[in-house]
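Here's the structure, in structure tokens; my notes come after.
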Amino acid sequence: MATPFMPKQAVKFDGALFQELQGDVSDTIAQDLLREDLSPLTPMSVIHDNGCGYGAVTMAVMDSSPPEGIKIHATDINPMFMAQLQAKLAENPSWPVKLDTMDACNLTFPDNIFDLSFTTFVFAGLDNDVAAASHIIRTLKPGGTGLIAVWKEMPWHVALENAHHKTRGADEPMAPFLSKSWYKKEKIEQVTKDAGWKDVKFIEKAAWLNLGADLKRWITIAWTFLATPVGGWQQRDEDKWDEAINSIAEELRQGNWYKVDDGVHKIRMVADVAIVQK
Numbered sequence: 133m134a135t136p137f138m139p140k141q142a143v144k145f146d147g148a149l150f151q152e153l154q155g156d157v158s159d160t161i162a163q164d165l166l167r168e169d170l171s172p173l174t175p176m177s178v179i180h181d182n183g184c185g186y187g188a189v190t191m192a193v194m195d196s197s198p199p200e201g202i203k204i205h206a207t208d209i210n211p212m213f214m215a216q217l218q219a220k221l222a223e224n225p226s227w228p229v230k231l232d233t234m235d236a237c238n239l240t241f242p243d244n245i246f247d248l249s250f251t252t253f254v255f256a257g258l259d260n261d262v263a264a265a266s267h268i269i270r271t272l273k274p275g276g277t278g279l280i281a282v283w284k285e286m287p288w289h290v291a292l293e294n295a296h297h298k299t300r301g302a303d304e305p306m307a308p309f310l311s312k313s314w315y316k317k318e319k320i321e322q323v324t325k326d327a328g329w330k331d332v333k334f335i336e337k338a339a340w341l342n343l344g345a346d347l348k349r350w351i352t353i354a355w356t357f358l359a360t361p362v363g364g365w366q367q368r369d370e371d372k373w374d375e376a377i378n379s380i381a382e383e384l385r386q387g388n389w390y391k392v393d394d395g396v397h398k399i400r401m402v403a404d405v406a407i408v409q410k
């Protein structure tokens, strides 16, 4: 079987590069929520890091100096992400975290088990979002708090979409990973309503995504991981690689959501967060 074509400029996929792409923006959002918007944790708090990924929520909780006695259940179905979190847990064996493979759309936890349930930046990739929202509310204790966070503003994402159209044509279907990344507040409103959430509060949280000192390196990682076209890479993508990278860099630098701090490029991102108390 022939090896799929890859542009010579593309980077080789691995978990470390993917975390470099994500940065710590999810961690920052989780830290702000814990500090500014949620009730203080108690020694009896049981927390669910739902769709935990590399463990942004788990790490935010542990960085908040929580009281002794808390318990964290972290769940996901992506083995690459789970391996990253497992490595972090191995470095911190005292952390009260249990990591399990579990689909957010089909949680197997019993009813009324969690005091706090985080599902951050997961819903855009789910097969059954209403089921996932239903499981969140089902597994919360009476009085417990559940939240769903989705991205409202991702300026870098828009720049990648524009580069896709510029280098592949307006009629080319959007790259699958780019087309599935948006999940609007209006959809969360409908999904949580369908799942039986009552008196949902919506807030916005902003954070700066660290793109590193080499802007084009970060863009190259993003273009490699997220811009694979329908049907796979083609020679034209290799031929127009530099055009795509330069287009993205130029658009990012022109936005008012872009800044450079001590030589580090940063992009401001904004999340919509739905919060419910059972």
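What the sequence shown shows, in the working numbering, is residues 133 to 410, in sequence order. C-beta: ideal position from N, C-alpha, C; glycine also.
- In this structure the segment 173 to 183 touches the segment 244 to 251; the number of beta carbon pairs closer than 8 Å is three or more.
- For residue 322, the uninterrupted alpha helix (DSSP H) run begins and ends at 317 to 326, by DSSP.
- If you look at residue 308, you'll find it in the alpha helix (DSSP H) that goes 308 to 311.
- In the DSSP assignment, residue 287 falls within the alpha helix (DSSP H) that extends over 287 to 300.
- Contact annotation, residue 353 with residue 153: C-beta distance approximately 5 Å; criterion of less than 8 Å satisfied.
- Inclusion of residue 384 and residue 287 in the CB contact set at 8 Å is warranted, their separation being smaller than that value.
- Residue 266 counts as buried, since no fewer than 16 other beta carbons sit within 10 angstroms of its beta carbon.
- Between the beta-carbon of residue 251 and that of residue 236 there is about 7 Å, and that keeps the pair under the 8 Å contact cut.
- Nearest Cα to residue 376 within the set 196, 389 and 360: 360.
- When secondary structure is reduced to three states using DSSP, residue 147 falls in the helix class.
- Distance from the CA atom of residue 397 to the CA atom of residue 276, rounded to whole angstroms, is 38 Å.
- Distance from the CA atom of residue 167 to the CA atom of residue 198, rounded to whole angstroms, is 11 Å.
- The beta carbons of residue 325 and residue 404 sit no closer together than 8 Å.
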